[in-house]
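4 protein chains.
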Amino acid sequence: MTTFKIYAAGEFLKSENEIEVINPYNNEIIGKTFLGDEEILEKAIRKAESVSEEMKNLPSWKKYEILMRIANALKDNFDEFTRLLCLESAKPLKYSAGEIKRAIQTFTIAAEESKRLPKEYIDLDWTQAGDKKEGIVRYFPVGLIAGISPFNFPMNLAVHKIAPAIASGCPVVLKPSTSTPLSTLKLAQVIDKTGLPKGAVSVIPMDRKTGNRLVTDQRFKLLTFTGSPAVGWKMKRDAGKKKVVLELGGNAGVIVTESADMEPAVKKCITGGFAYSGQVCIHAQRIYVHKSVFNKFAEKFISEARKLKVGNPVEPDTDISSMIDEANAIRIQDWVDEAVADGAKILTGGKREGTYFPPTVLSETHKEMKVCSLEVFGPVVTLEPYDKFEDAVKYVNEGRFGLQAGVFTNEIDEMNFAFRNLEVGGVIINDVPTFRVDNMPYGGIKDSGLGREGVKYSILDMMEPRILVKNI
Amino acid sequence: MTTFKIYAAGEFLKSENEIEVINPYNNEIIGKTFLGDEEILEKAIRKAESVSEEMKNLPSWKKYEILMRIANALKDNFDEFTRLLCLESAKPLKYSAGEIKRAIQTFTIAAEESKRLPKEYIDLDWTQAGDKKEGIVRYFPVGLIAGISPFNFPMNLAVHKIAPAIASGCPVVLKPSTSTPLSTLKLAQVIDKTGLPKGAVSVIPMDRKTGNRLVTDQRFKLLTFTGSPAVGWKMKRDAGKKKVVLELGGNAGVIVTESADMEPAVKKCITGGFAYSGQVCIHAQRIYVHKSVFNKFAEKFISEARKLKVGNPVEPDTDISSMIDEANAIRIQDWVDEAVADGAKILTGGKREGTYFPPTVLSETHKEMKVCSLEVFGPVVTLEPYDKFEDAVKYVNEGRFGLQAGVFTNEIDEMNFAFRNLEVGGVIINDVPTFRVDNMPYGGIKDSGLGREGVKYSILDMMEPRILVKNI
Amino acid sequence: MTTFKIYAAGEFLKSENEIEVINPYNNEIIGKTFLGDEEILEKAIRKAESVSEEMKNLPSWKKYEILMRIANALKDNFDEFTRLLCLESAKPLKYSAGEIKRAIQTFTIAAEESKRLPKEYIDLDWTQAGDKKEGIVRYFPVGLIAGISPFNFPMNLAVHKIAPAIASGCPVVLKPSTSTPLSTLKLAQVIDKTGLPKGAVSVIPMDRKTGNRLVTDQRFKLLTFTGSPAVGWKMKRDAGKKKVVLELGGNAGVIVTESADMEPAVKKCITGGFAYSGQVCIHAQRIYVHKSVFNKFAEKFISEARKLKVGNPVEPDTDISSMIDEANAIRIQDWVDEAVADGAKILTGGKREGTYFPPTVLSETHKEMKVCSLEVFGPVVTLEPYDKFEDAVKYVNEGRFGLQAGVFTNEIDEMNFAFRNLEVGGVIINDVPTFRVDNMPYGGIKDSGLGREGVKYSILDMMEPRILVKNI
Amino acid sequence: MTTFKIYAAGEFLKSENEIEVINPYNNEIIGKTFLGDEEILEKAIRKAESVSEEMKNLPSWKKYEILMRIANALKDNFDEFTRLLCLESAKPLKYSAGEIKRAIQTFTIAAEESKRLPKEYIDLDWTQAGDKKEGIVRYFPVGLIAGISPFNFPMNLAVHKIAPAIASGCPVVLKPSTSTPLSTLKLAQVIDKTGLPKGAVSVIPMDRKTGNRLVTDQRFKLLTFTGSPAVGWKMKRDAGKKKVVLELGGNAGVIVTESADMEPAVKKCITGGFAYSGQVCIHAQRIYVHKSVFNKFAEKFISEARKLKVGNPVEPDTDISSMIDEANAIRIQDWVDEAVADGAKILTGGKREGTYFPPTVLSETHKEMKVCSLEVFGPVVTLEPYDKFEDAVKYVNEGRFGLQAGVFTNEIDEMNFAFRNLEVGGVIINDVPTFRVDNMPYGGIKDSGLGREGVKYSILDMMEPRILVKNI
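Protein chains in written order, with this note's numbering: chain A, 817 to 1288; chain B, 817 to 1288; chain C, 817 to 1288; chain D, 817 to 1288.
So this is what it looks like as structure tokens:
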């Protein structure tokens, strides 16, 4: 069992507050680390500020080299990273491996984008007032960045803050989830060896009170938070003058139409609904199926859900394992019970066993039930028939959230209608809302967030344009 | 009856070679003009060269003002331009009006694009060799431009050369078709009053021999030709060091699938097939209809074709009128007869009356027939059933041309397959290949041409990038 | 004297709270209008929401038409708009005319940009996870917009909120300054006649309490505020989930180097320093001149400042007139007196006469004085020598603000250094920080604001990206 | 001594026509290879055509992987590639190493650009004719590419054809110089192992007659030629319907102004003038120095030129070695002698020794001399004083060529004037025209060429846009 030190101000540090990280599957302690205190955070902030100028002046070849060095180190230590991530999060091994692959890709994209930072060159002589003048717009790093990342993708969601920060030339202080800090701290060890200016990246697990300094301290110029809506929107209020990016959750909907190819639709919905026990922002929570194919879909879907292999996350063929903690399993049980009490039918699943919650399918739900209106963040899916496509779109739009939506269809009209009318950040045709690759703009509207990630988009947020108006 | 002078070197000139322009519908002389001789052309070239520097230095607000002034003058004299165009070309009034509207739009787009000329701003420090260096790329006018435009859109196809030339700061010498030079010469009168440097635009009708100087003279830096493939490809060979843009013809195909909405498909195919007697580069020449709906489509299509109102082009409700000259009507008769002799069936039309050729639909054709393999440039359409969508795509791809194609479908798969596999410059979903708006990239591949028009794209051809490498 | 009604929900309305608008120069009442109450505002919001869908669906040709119609109406009524603006603001006629010209240009740009809304088309197959997938990103209007504009450019700063809102398809409720609401309300009369959906634009003068609903009401999705830093930053805190754009003030600096061309530098600094009595966000407040040319510059500058013609704003040759109100004149007197008490020397001016404050030049100031550290928003300029260019850049960077800066130089090294190191939104070479044209990105960093205006940039803020992930 | 086989149609082949490759420095045979005959070429073309579809369909992650694999193999075998290149070309080792580094960078850029192929997404509803329509523009590979590369950068100039071809999905047949084919053939061995479809890249040394098929065969859709102007322009004539890109030579000029930093200017001019004996398209051939600093510059320049270390190219500290062959050395001697006979003065050098020609500086030349007006392609530099900056720009512009130019200055006015008025593809501030990095647009105007290289720009030439017009 390893102890991972905090990485702050370019140093690996201990604090007085040691914490244990446990494997949610079996409650074994798999590692230790420390909570950073005010002093350590202050040190990290000061060091970060002191390297701002150096970061701003890194040539692109140097940033490329650093970022690719990290990507390559992740490749070289792929199995270790995968296993560590798997253990701290109970994310089944195959999904853990997928996440490390994505982290590698995120760093690679950032390496490439560091050579393609936003830039504009514009004419200003559109009126006589600008005669013989032109403008070139360079984007400069915004300054010190505060990043807060959640437990469910402990690696790649942290990387979506760290990698663009390096690419844009901003120092960053990252607070990982205290449940799953180890893979990020291991990443810090890799970063430390790359020639990046010391202190440009700090990774500090913190309690909520200390971590709140990331929100309120005015030396941070941007707060980028991935987590729950309630917490996120409060942060926006308290953030002072800094920019705020919020990547929050949702209750993503899927529409399966008559023209859909049924086999792949079922298969993808299974993954979208139950991968990592639904502890995914773009978990396929609500599935609406055209009434003419509803029974067929439901039957296959339930049959497939039942086939999922439950077990130890480190087994290569495990499909579903424990939730992150018992509290969450209990909460889901409550929501399911409440739905059932209110008329919902359980088609499969529905009873937790300790921290494990089985793949659960509900039907005959209605929009006020928590399993519909809130972010379930568990392996629970509602399945309902619809009549007209416009209705299905309306159902998906119900509620406060708007992250992504999936539409299985072969009709151009439906694709167009969905794109135009689904109130979300992403409409995924013939796939689940859970689809995400790391170069696409990703983020929600309505209560699901503010701003977009996807390396290029994060970089844009992390930089400020400055125009040089000059003669020609 | 008006006499229109040549517009060369900023002056309105006569030459010794007066020509008459006739209305193809009734052979009445509707106006006179002159053929420019070598001397006039030489004068125009020299003057154009002498204003190159002034043109290059026009601020964008000035170019915008000039181009919008032209657009507004066309609006203010809309009816006169429409009528003149109608008379010289026998293009039915409603289509003539449509063309003047498009010319207005083309100038408007050029006005706007003159403020958005291509520009790049790039980092050069991707390796140490470029440390502390960056590049800004401005595009400079390529120099003197030679434009040659055809009879079928005498106004807007000339405008697609003149407007981007002004926007990019290049002087241009334009040779209009000697059949239909009047609307372009009337445009010259408008241009003359705008404050554009005199000599920046010349419009000179010429015989082929004199006109060939536009191809061979090395002072021209770009030749932009719209016309027939045979002539165009020879020009490319003879053009010396200049750049060459060729907008040639085709034998455009249409696919009507099972999922197509039949009413609009028929209606649009009628327009695509018979508007201006098919004397259109993107005339819908070959229609392939899924066998399950073939009879239904054919019946409606023929019925609609027969309803087209034949008559004097100046009547507002005339749909179809004379061809540009009898030679062309005769040529088409020959091709139709040849096809019939080879097994084709005439579903409607097929017999010319003087310069008039009626809407004609053939079936049971095969790909070697001229009506299939060559550009028919007349009101002749072939109608054939197909079995599989892949076959239809293959049929459309047959032959030397590749301009645009239309696909009527509501299936995403077919749209994707068509886009990926149709060897053309443009795939038009749920419309005929005849669809064109003036800001879209337009042009063919295979024997149909080289390069793209659509104002922004023409401007790109008319300019040369120059990078400034500087320290940061 | 005219009474201008409120323009709310597509209607011209009165309220019970009539207010008088006076000419600050002579305190004459020049017009009347009304303060909107909660009820009127609520009506405007509801109507705006009800036309959201219609606004979202306006084709670009329609938006272009509407916006150009407004621009043309401003041209057609140029003198009336100029005079009204002049009277309500005491802005000298030539500057008032300049502002109306800019408003015309802002609408024209918006018209053009409405056809060029942001759009992306990206490959998603960067990893196997995205095989055969691509993304198209369309930007949809964010929804209802709240705009708050200040007294100093009552027309063009309102237009910078209204025009991009129309271009992006968002309804907008605008609160103009209650000191200068008339030109904006006259603009509303123009807008009303254009075919824009009724209720898409409302212009409602309001007291601060009612106006605060623009900040707090959650139906607004974006707040765009131009005004003072203190008010702006508080709004950010209270804005809830909506996006916030702040265009605040500054204490802009100018550097005049040895290599500067002296004549134009002096002339431009006079305009930058005293136009509209310095009531301009990018007023050239602090001028740093290289010591070797300091005396020469100071002499000429003072001499020119004294030549400025004081008088009635409606006289065509008036250079400087009254301030917006006496309170501001008094405030400036206090700041100047305080500076003098603290050691500053008055080189010219310095004594107010009623609402008039004369062109004033101070020297021997230091950075803690209010005339240096705060936004003076009056005709007061500090003039100080510097030794090394790096020092001058440091001086300009001092303090909380960072809007724009001017640098008069002919040296590439200095231009590069300034661009890289001046902490501002815009570095203007060989011109004053006061330079702005309406298509350039404009806005501040540090305490000077959040986000950028300049039509294209505002549009970007007013829209949300939505990606369509589809097969290829 | 190794024998390198031809790489055609995915196979390593011999022909009957074996050739020897010699080291120009000592005439030792360093390797053997074969001239491809008509049959081998035909085989390569057919195979290339047969993999066109597969190439077109490669996902971007696959192209990235292939291209990075090549880049990494070059890194892994860096010394061998460097040495082979050095031996076949007599390019001094340090410059050979630089070229291999650039080839690695060119492949890396191509890998990244393969994920960023040109793409457009545009609105088409700018008029009512396009209501509810939009366009997405994908770029498809143009088809089979013919590449011809020269002896002077045998590796990187071949790579500038091969790498973008792979990135854009086009098969390519490359003819390397028969003097220096070995490094390219060694590259072929690397390419063969990457998983690229067999036959997508062929590298075939050919005699001129066989090689001419690359120009005339209509199955090639693009000819990209780097070489001499006379040959290139003739190719344009004979190329039929294919697109043609020409990267030809020049007689690049440099301007050294009064404000230039003298030390670096001299140092860079030495490299620009004599690196690889001036056998570089952007060799700094003509240096114009402001008269006030002419003597100082001339003295230092000559002194530095004399310090260059002559010798065996494989020695790490060799600065200059033999020319590619004696014929070239003789030609240069003739040109120098002719210039001297016509009044030029030799400031240093001027006498060849076998294939070696020493660093030579001439003065008192005039523009008709071959050493001024033609591409000298040898270690000969002319050095002349100028009076006014405008004159210097005029001198640089004299003659038929326009590739790149260098300007050493610290004055903004001169930079602007140079950028606006130098008739070249690239203006390099404070560096020699010899500056090139592989992502910048590179190419000439006037007789220096047609089109641009620099990976992204080559890719654009290698692809054809196709618009999909669809409903929204």
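Here a beta-carbon is modelled for each residue, glycine too, at the ideal position from N, C-alpha and C.
Under the three-state reduction of DSSP, D/Val-1253 is assigned to coil, being neither helix nor strand.
Spatial neighbours of B/Phe-967 in its own chain (CB-CB distance under 6 Å, excluding positions within 5 residues in sequence) are listed in chain order as Ser-993, Ser-995, Thr-996 and Ile-1140. Shortest Cα-Cα distance from C/Thr-1032 to any of C/Ile-920, C/Met-1051 and C/Leu-903 involves C/Met-1051. For A/Asp-939, the beta-bridge partners assigned by DSSP are A/Glu-950.
Residues of the region 1146-1169 of chain D whose Cβ lies closer than 7 Å to any Cβ of chain A: none. Per DSSP, the unbroken alpha helix (DSSP H) holding D/Lys-1186 starts and ends at 1186-1189. For A/Gly-826 and A/Ala-1016, the gap between their C-alpha atoms comes out near 7 Å. Just so you know, the alpha carbons of B/Asp-1153 and D/Lys-1286 end up roughly 37 Å apart. Counting along the chain, A/Lys-1286 sits inside the beta strand (DSSP E) bounded by residues 1279-1287. At least one C-beta of chain A is nearer than 9 Å to the C-beta of D/Arg-1236. Between B/Val-989 and B/Ile-1020, the C-beta spacing is below 9 Å. For A/Pro-1132, there is no enclosing beta strand (DSSP E), as DSSP marks it with neither H nor E. In this structure, the alpha-carbon of C/Phe-1233 lies about 34 Å from that of D/Ser-1119.
Contacts between B/Thr-943 and chain A, judged by CB atoms closer than 7 Å, involve Trp-877 in chain order.
Of the residues C/Leu-890, C/Ala-906, C/Asp-947 and C/Glu-904, the one whose Cα lies closest to the Cα of C/Thr-924 is C/Leu-890. Chain-order list of chain A residues neighbouring B/Leu-1012: empty, with the shortest C-beta distance near 17 Å, by a criterion of under 9 Å. The beta-carbon separation of C/Lys-872 and C/Gly-985, rounded to 5 Å, stays under the 8 Å limit for a contact. At least one CB atom of chain B sits nearer than 9 Å to the CB of D/Ile-1245. For A/Gly-1094, the secondary structure class from DSSP, reduced to helix, strand or coil, is helix. Bridge pairing for C/His-1106: C/Tyr-1202 [DSSP]. Here the alpha carbon of B/Ser-912 sits roughly 10 Å from the alpha carbon of B/Glu-904. Against chain B, the beta carbon of A/Asn-1287 has no neighbour under 9 Å; the closest one sits roughly 12 Å away.
DSSP lists B/Glu-827 as the bridge partner or partners of B/Ala-824. For C/Thr-1032, the uninterrupted alpha helix (DSSP H) segment begins and ends at 1029-1032.
Residue contact check for A/Glu-928 against chain D: a CB pair falls below 9 Å. For B/Glu-904, DSSP records no beta bridge to any residue.
Between A/Ile-964 and A/Gly-1065, the gap from beta carbon to beta carbon reaches 9 Å or more. The region 914-930 of chain A makes no contact with the region 1148-1167 of chain A; the number of CB pairs closer than 8 Å stays below 3. Inclusion of D/Ala-1068 and D/Gln-1220 in the CB contact set at 9 Å is warranted, their separation being smaller than that value. Between A/Gly-951 and C/Met-1256, the C-beta gap is smaller than 9 Å, which places the two residues in contact. DSSP links C/Ser-1018 through a beta bridge to C/Val-989. Assignment of A/Gly-1088 by DSSP, reduced to helix, strand and coil, places it in the helix class.
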